[in-house]
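Offset between the sequence shown (1-based) and our numbering: plus 18. By construction, the Cβ of each residue, glycine as well, lies at the ideal position given by its N, Cα and C atoms. Because the structure is a prediction, the values reported are computed rather than measured.
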Amino acid sequence: LFALLACREQTPTAAAPELAAEIDSLVARYQDLDIFSGVVMVARNGAPVYHKAFGLANRETGQANSTDTYFDIGSMNKTFTKVVVHQLMAAGQLAVEDTLGKFLDGFAPEKAGRITVGQLLEHRSGFGDYHSPDYFEGPASSRTIAGVVERARHLPLLFEPGSDQAYSNTGYVLLGAIVEKVTGKDYYQNVRERIVEPLQLKHTVLKAVETAPDRSVGYFKTATGQLRDNREFNQLPKPDGGFLSTTSDILRFYQAFHYSDKLLSAGEKKAMPYFQFFEKITQKDGAAASQAGGFNGANTVLLEIPSRKTTVIVFANMDEPVAELLGEGILQLLRGERPDAPQLPAAQNVYRAWEAHGPDFVKENFDSLTVNFHPNDPKDFILNSVGYDLMFAGRLAEAIEIFRLNVALFPDAANCYDSLGEAYLQSGDKKAALANYGKALDLDPDLPSAREAVARLRENR
19 LFALLACREQ TPTAAAPELA AEIDSLVARY QDLDIFSGVV MVARNGAPVY HKAFGLANRE
79 TGQANSTDTY FDIGSMNKTF TKVVVHQLMA AGQLAVEDTL GKFLDGFAPE KAGRITVGQL
139 LEHRSGFGDY HSPDYFEGPA SSRTIAGVVE RARHLPLLFE PGSDQAYSNT GYVLLGAIVE
199 KVTGKDYYQN VRERIVEPLQ LKHTVLKAVE TAPDRSVGYF KTATGQLRDN REFNQLPKPD
259 GGFLSTTSDI LRFYQAFHYS DKLLSAGEKK AMPYFQFFEK ITQKDGAAAS QAGGFNGANT
319 VLLEIPSRKT TVIVFANMDE PVAELLGEGI LQLLRGERPD APQLPAAQNV YRAWEAHGPD
379 FVKENFDSLT VNFHPNDPKD FILNSVGYDL MFAGRLAEAI EIFRLNVALF PDAANCYDSL
439 GEAYLQSGDK KAALANYGKA LDLDPDLPSA REAVARLREN R
């Protein structure tokens with residue numbers, strides 16, 4: 019406890035006293051809940067006016083975070099990938115309408131001939147995510163760019179290419195593979211030569227993340243409040259995420275991306291949907307564009323306010339979406355608004371409420387209990403994670419109660435019935451397990467875990 023408090027803040031940079039005090043106070047409220055450690059920066063015209071580090075980079079060794087600590091930037095990688103792709107377009111080596119099959123073989127015709135580079139860039143390809151338990155359990159070779167490309171060949175599309183939009187890590191890995199095919203150089207060399215070296219990003223690590231100096235260790239808490247590090251989720255960086263960087267280097271990168279022609283010309287930017295949006299918010303005082311990344315035990319955000327040439331950056335080695343919520347709070351302070359009060363992560367909040375007041379209370383107050391949850395993730399994930407934490411702790415009857423509550427709240431989510439079926443199966447109630455797996459398949463006939471479980475249960479009758 020002393021180590022945590024002693025490391026509350028280091029390495030300050032001068033700012034207006036009122037702003038600095040307000041940010042310090044807001045950060046302290048997050049730290050009091052033990053949900054934030056990391057680095058906070060506010061910059062104007064590309065120069066920091068507030069830059070402080072908080073908490074520990076490594077709780078085992080007691081190493082403090084500093085303003086030079088390296089953090090996993092998560093999906094901020096995608097902006098690096100986007101820049102390289104648009105540079106290749108400017109050079110005539112790629113086009114928005116080029117199809118996936120022009121560069122990568124082995125894809126079925128409905129993917130190869132219909133998915134375009136433009137759709138991959140804008141998350142309109144139909145691909146979703148490639149992460150799943152078996153991905154993390156597979157050999158290291160399957161977690162490379164080539165390994166994910168092979169995985170993508172067999173992934174079903176979520177929708178017809180171009181007909182909808184869904185955030186896609188898979189799509190950006192495929193873009194990285196296309197970059198390699200077009201240039202004859204690996205993805206990392208492209209990023210180094212086209213971005214890192216020209217901008218002199220001396221504190222950005224593209225590949226050798228395990229040996230990076232002053233690297234933060236990520237931490238997250240289970241629903242029941244157990245602290246864990248995120249080493250099991252760390253993997254080789256790819257075009258969709260995983261570089262290490264510092265707040266100073268990320269400021270330099272995004273300043274070049276937003277305001278200079280060092281990476282992309284004004285003409286190239288004009289054709290990009292992101293910069294069309296950026297131009298619109300430039301006319302609105304206080305409006306911000308957001309870039310963020312995160313996974314278990316890591317969260318980063320950059321908020322750019324073009325009307326004020328002001329940047330807010332928060333890097334956290336704690337669970338998402340804490341950096342995004344703290345960044346939004348600082349943005350509210352800059353606008354003269356009162357920031358939202360920090361809350362425990364949704365899973366912890368729900369677990370405590372369930373333990374204290376029971377399932378009916380959680381059902382009636384679910385929305386207010388789950389404010390601190392990533393807005394892009396389905397909310398049925400919250401109770402699902404609580405249920406699995408209880409199940410792994412051997413509290414099977416309580417896990418079943420939680421999963422049943424999740425089914426009541428989200429009766430159209432196949433995964434809720436799948437999880438309840440798994441809990442019943444572990445309890446020995448095969449009849450209830452089969453019934454719930456069946457409901458999962460009624461909602462999603464292609465759900466692999468439910469299909470496999472039903473096949474095993476029927477075979478062993």
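- With respect to glycine 311, glycine 259 sits close: the two C-beta atoms are nearer than 7 Å.
- For valine 404, same chain residues with a beta-carbon under 7 Å away, outside a window of 5 residues either side, are Ala241, Ala365, Val368, Tyr369 and Ile420 in chain order.
- Runs of the alpha helix (DSSP H) lying entirely within the region 175-216, each at least 4 residues long, are 187-201 and 205-209 in chain order.
- Linking aspartate 42 to phenylalanine 313 through their CA atoms gives a straight-line distance of about 25 Å.
- With a beta-carbon spacing of about 7 Å, glutamine 309 and tyrosine 272 fall inside the 8 Å limit used to define contacts.
- For serine 263, the three-state secondary structure derived from DSSP is strand.
- In this chain, the beta strand (DSSP E) harbouring lysine 70 covers 65-72.
- Short of 8 Å from the beta carbon of leucine 112, and not among the five residues preceding or following it, lie these beta carbons of its own chain, in chain order: Val103, Leu106, Val135, Ile196 and Val200.
- Contact fails between the region 173-190 and the region 76-90, because fewer than three Cβ pairs, one in each stretch, are under 8 Å apart.
- Judged by beta-carbon spacing, alanine 71 lies beyond the 7 Å limit of valine 60, meaning their Cβ atoms are not closer than that value.
- Sorting Arg212, Glu250, Pro360 and Asp398 by C-alpha distance to the C-alpha of tyrosine 48 places Pro360 at the top.
- Excluding its 5 nearest sequence neighbours in each direction, asparagine 63 has C-beta neighbours in its own chain below 6 Å: Lys327, listed in chain order.
- Contact check for alanine 170 against threonine 188 passes: the beta carbons are separated by less than 7 Å.
- Secondary structure of lysine 256 (DSSP, three-state): strand.
- Under the three-state reduction of DSSP, isoleucine 133 is assigned to coil, being neither helix nor strand.
- For tyrosine 148, the secondary structure class from DSSP, reduced to helix, strand or coil, is coil.
- Ranking Pro463, Tyr68 and Phe89 by CA distance to the CA of threonine 222 puts Phe89 first.
- Counting only the Cα atoms, aspartate 462 lies some 43 Å from arginine 356.
- For isoleucine 323, the enclosing beta strand (DSSP E) stretches over residues 316-323.
- The residues Arg171, in chain order, have a CB closer than 6 Å to that of glycine 124 in the same chain once the five nearest residues on each side in sequence are set aside.
- When Cβ pairs closer than 8 Å are counted between the two stretches, the region 320-336 is seen to touch the region 289-308, the count reaching three or more.
- Tyrosine 277 sits exposed, since fewer than 16 C-beta atoms from the chains shown fall within 10 Å of its C-beta.
- With a beta-carbon spacing of about 6 Å, arginine 246 and phenylalanine 238 fall inside the 8 Å limit used to define contacts.
- Contact between leucine 401 and leucine 423 holds, since their C-beta atoms are separated by about 6 Å, short of 8 Å.
- Inclusion of proline 257 and tyrosine 190 in the CB contact set at 7 Å is warranted, their separation being smaller than that value.
- Here the C-alpha atom of aspartate 232 lies approximately 8 Å from the C-alpha atom of aspartate 86.
- Counting only runs of 4 or more residues that sit fully inside the region 282-320, the alpha helix (DSSP H) segments are 284-288 and 291-300, in chain order.
- Inclusion of serine 186 and histidine 141 in the CB contact set at 7 Å is warranted, their separation being smaller than that value.
- Around the C-beta of serine 283, fewer than 16 other C-beta atoms lie within 10 Å, and the residue is accordingly described as exposed.
- In the displayed model, aspartate 337 falls within coil according to three-state DSSP, outside both helix and strand.
- For valine 58, there is no enclosing alpha helix (DSSP H); the enclosing beta strand (DSSP E) covers residues 56-62.
- The C-alpha of aspartate 398 is placed about 15 Å away from the C-alpha of isoleucine 418.
- Assigned with DSSP and collapsed to three states, phenylalanine 391 falls in coil, not helix or strand.
- Collapsing the DSSP output to three states places leucine 224 in coil.
- Rounded to the nearest whole angstrom, the C-alpha separation of glutamine 253 and glutamate 155 is 12 Å.
- Arginine 249 is not bridged by DSSP to any residue.
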